[in-house]
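Student: I'd like to ask you about the structure that follows.
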Amino acid sequence: MTTSTRRILRIGPLYPRPTLTRAVRHSADIVPDSLPAPSRPLSSKRARTYLLPIATDFIVLSIVCSVTRIDRPAQFAAIIVAILALTGAYHPHLTLSVLDTLPRLALASTLAAMGTAVILTPNGTLVGAVKLAAVTLFALVLSRNATNAVERYFRRRLRGGRRTVIIGGGPVAKILANSMVAEPSCGLQLIGLLDDSLLAETAHNGNVPITPLRGNLCEYLTTHHIDTAVLAFPHAVDGAIIHALRECDRIDCEIFAVPRLWELTAVTGDMEHIGAVPLKKFRRAAHRSFLWRVKLWMGRVLSAAMLVALAPTLLAIAVAVYFSDRSAPVLFRQKRVGLDDRIFELLKFRTMNPASDHESATHWCIAHDARIGRLGRILRATSLDELPQLWNVIRGDMTLVGPRPERPHFVDKFRATVPNYAARHRVPTGITGWAAVNGLRGDTSIGNRTRFDNYYIENWSMWFDVKVLLLTAVAVIKLGGK
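Going by the working numbering, the first residue of the sequence shown is number 430, and it counts up by one from there.
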């Protein structure tokens with residue numbers, strides 16, 4: 430870990446939110462943090478923010494549909510709620526305002542009502558669909574007003590706010606701190622401010638206390654039950670901040686950041702705001718989601734199916750490799766580094782003349798390596814030598830799409846010389862990947878590979894995997910491998 434990385438991970442004592450004033454008090458007036466940790470984890474609070482509007486929408490929609498004599502009101506309500514959930518209409522917001530969400534709510538309710546009318550009343554008229562859309566919007570507005578009122582009560586009266594720290598000690602952090610205290614309905618319970626300023630031990634900015642960072646940020650957030658962290662231009666280099674945040678991938682903590690040039694930034698899409706300060710939310714790491722588990726199991730199922738379907742091809746390649754050099758094994762086995770730096774044995778069809786174990790583990794192969802035979806060049810060009818790795822996927826060593834695995838010797842070397850290289854091992858390695866389909870394989874830049882791999886991890890989706898697999902198929906068909 431670099432010196433700059435260690436600096437951002439220093440953490441000191443934090444302080445509770447002032448209760449006697451609407452401004453953040455002078456550091457001399459604040460006693461050390463004595464607030465008890467919340468009795469419920471953040472996941473239960475998230476469950477409340479999702480389940481409350483869903484249940485309220487279903488009940489209100491059912492009642493309004495019954496009063497307006499719409500057939501099968503419960504079924505209508507269930508389908509509409511399901512469609513709204515799929516469109517992200519139940520995404521929780523820091524600022525509770527029906528007017529802010531009304532345009533999106535109107536569009537979602539109209540589409541949901543039209544779809545519901547087609548499913549349950551295929552012979553209905555356009556007038557009936559419009560009526561249903563109007564009734565749906567009316568019911569949703571009533572429901573959201575009720576839901577927001579209940580949520581405000583929890584946030585204000587029952588201390589249901591999320592324990593929050595601001596990472597930063599400058600003017601923007603001061604504005605944010607004052608806004609959090611002045612607007613308890615945002616649901617953020619300010620615990621304190623953290624910064625890496627060299628003067629943090631003794632200085633403060635106006636009436637905002639600056640507490641120096643010491644220790645490991647991830648461990649501190651976990652130990653002190655911090656639910657939300659807001660980045661507000663701390664005194665640290667971006668690389669150190671990125672490293673610290675990636676270490677927090679596995680904990681249940683929401684991360685927001687004030688965008689650069691925030692005075693010129695419009696609040697759009699999934700952005701939030703506290704007072705007049707826009708916030709960009711870092712989405713929960715995709716590889717910690719339920720869909721990622723679906724990806725892994727789908728990969729195993731597809732790999733098993735491909736092994737069966739490609740059995741004749743695999744047999745033909747195995748026979749060809751065997752007769753190309755009967756003195757060497759058909760399969761090449763080599764130790765590679767996978768998820769969380771675990772070592773596993775990777776399988777490939779042999780494409781090179783046998784080498785010593787030391788040479789195999791430490792020698793970097795290039796495209797025109799003299800040890801590669803004629804058959805080996807064909808197998809490498811078409812990536813057919815990688816097919817035995819389908820068994821690695823079935824065993825759980827790898828997945829279909831992910832960063833390509835590397836040998837331990839080179840992992841240690843690249844970890845010390847290539848920024849963010851270690852972050853590739855947050856996910857299982859893959860047979861193909863975003864870097865590979867962009868031509869970054871073999872004797873190419875490790876820095877570029879790392880950037881492409883981390884881009885894939887940060888932006889992963891099911892469609893991203895489909896896209897990579899399609900591009901891989903096109904490359905194989907065109908013999909585009911190198």
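The beta-carbon is built from N, C-alpha and C at its ideal position, and this holds for glycine as well.
May I ask you to verify whether the region 845-862 touches the region 877-895, counting CB pairs closer than 8 Å and requiring at least 3?
Tutor: Yes: the two stretches touch, three or more of their Cβ pairs being nearer than 8 Å.
Student: Among residues of its own chain, excluding the 5 on either side of Thr879, which ones have a beta-carbon nearer than 7 Å to its beta-carbon?
Tutor: So the list reads Val847, Asn849, Tyr850, Arg853, once near-sequence residues are dropped.
Student: Let me make sure I understand the geometry here. Which of Leu725, Arg717, Ile655 has the alpha-carbon closest to that of Val594?
Tutor: Ile655
Student: Taking the Cβ atom as the reference point for each residue, do Pro837 and Val766 lie within a distance shorter than 9 Å?
Tutor: yes
Student: Counting only the same chain and skipping the five closest in sequence on each side, list residues whose C-beta sits under 7 Å from that of Tyr751.
Tutor: Result list for Tyr751: Val759, in chain order.
Student: DSSP three-state call for Leu804: helix, strand or coil?
Tutor: Helix, per DSSP.
Student: Count the other C-beta atoms from every protein chain shown that fall within 10 angstroms of the C-beta of Arg762, then say buried if there are 16 or more, exposed otherwise.
Tutor: exposed
Student: Assuming contact is defined by CB atoms lying nearer than 9 Å, are Leu525 and Asn607 in contact in what I supplied?
Tutor: With contacts defined as CB atoms closer than 9 Å, Leu525 and Asn607 fail to qualify as a contacting pair.
Student: Less than 8 Å between the CB atoms is what I'm expecting for Pro688 and Lys709, so what's the real figure, rounded?
Tutor: 5 Å
Student: I think Glu774 touches Leu523, with their Cβ atoms under 8 Å apart; what is that distance to the nearest whole Å?
Tutor: About 48 Å separates the two Cβ atoms, so there is no contact after all.
Student: Identify the residues that DSSP records as bridge partners of Lys603: which are they?
Tutor: According to DSSP, Lys603 bridges with nothing at all.
Student: Would you decide whether Ser538 is buried or exposed? Buried here means 16 or more other CB atoms lie within 10 Å of its CB.
Tutor: buried
Student: Find out if the Cβ-Cβ distance for the pair Ala575, Thr485 is shorter than 9 Å.
Tutor: Yes, the pair counts as a contact, with Cβ atoms nearer than the cut-off.
Student: Buried or exposed: Ile772, going by 16 or more other Cβ atoms within 10 Å of its Cβ?
Tutor: exposed
Student: Using a threshold of 9 Å, state whether the C-beta atoms of Met891 and Val723 are closer than that.
Tutor: yes
Student: State the Cα-Cα distance for the pair Thr652 and Gly876, rounded to the nearest angstrom.
Tutor: 35 Å
Student: Rounded to whole angstroms, what's the CA-CA distance from Tyr832 to Phe881? Just pull it up for me.
Tutor: The amino acid at residue 832 is misidentified as Tyr; the sequence shows Pro. Going from the Cα of Pro832 to the Cα of Phe881 covers about 9 Å.
Student: Using only the alpha-carbon positions, how far apart do Phe719 and Ala757 sit?
Tutor: If you take the alpha carbons of Phe719 and Ala757, they lie about 43 Å apart.
Student: Would you mind reading off the limits of the beta strand (DSSP E) that contains His702?
Tutor: 701-703
Student: Output yes or no for whether 9 Å exceeds the beta carbon distance between Arg573 and Leu534.
Tutor: yes
Student: Could you give the C-beta distance for Ile596 and Ala661, rounded to a whole number, given that I count them as a contact under 8 Å?
Tutor: 7 Å
Student: In three-state terms, what does DSSP make of Arg717?
Tutor: Looking at Arg717 - three-state DSSP - the assignment turns out to be helix.
Student: Assuming Leu815 and Lys777 are in contact, meaning their beta carbons sit under 8 Å apart, how far apart are those beta carbons, in whole angstroms?
Tutor: The residue you asked about is not Leu; residue 815 is Glu in the sequence shown. Going by Cβ atoms, the distance from Glu815 to Lys777 rounds to 6 Å, so yes, they are a contact pair.
Student: From this set, Val706, Glu648, Gln504, which residue's C-alpha is nearest Pro600's C-alpha?
Tutor: Val706
Student: Determine the DSSP secondary structure at Leu627, reduced to helix, strand or coil.
Tutor: With a pLDDT of 43 at Leu627, under the threshold of 50, the modelled position of this residue cannot be trusted, and the question is left open.
Student: Please list, in chain order, all residues of the same chain as Arg586 whose beta carbon is under 6 Å from its beta carbon, the five residues on each side excluded.
Tutor: Contacts found: none.
Student: Grouping DSSP H, G and I as helix and E and B as strand, with all else coil, what is Ile746?
Tutor: The three-state reading of DSSP puts Ile746 in helix, counting H, G and I together.
Student: By Cβ distance below 8 Å, which residues in the same chain neighbour Ile906 in space, the five residues on each side in sequence not counted?
Tutor: none
Student: Just grab the DSSP bridge partners of Lys560 for me.
Tutor: Looking at the DSSP output, Lys560 sits in no beta bridge, so it has no partner there.
Student: Three-state secondary structure (DSSP) at Thr694?
Tutor: coil
Student: Since Ile499 and Val564 should fall inside the 8 Å C-beta cutoff, what is the C-beta to C-beta distance between them, to a whole number of angstroms?
Tutor: 7 Å
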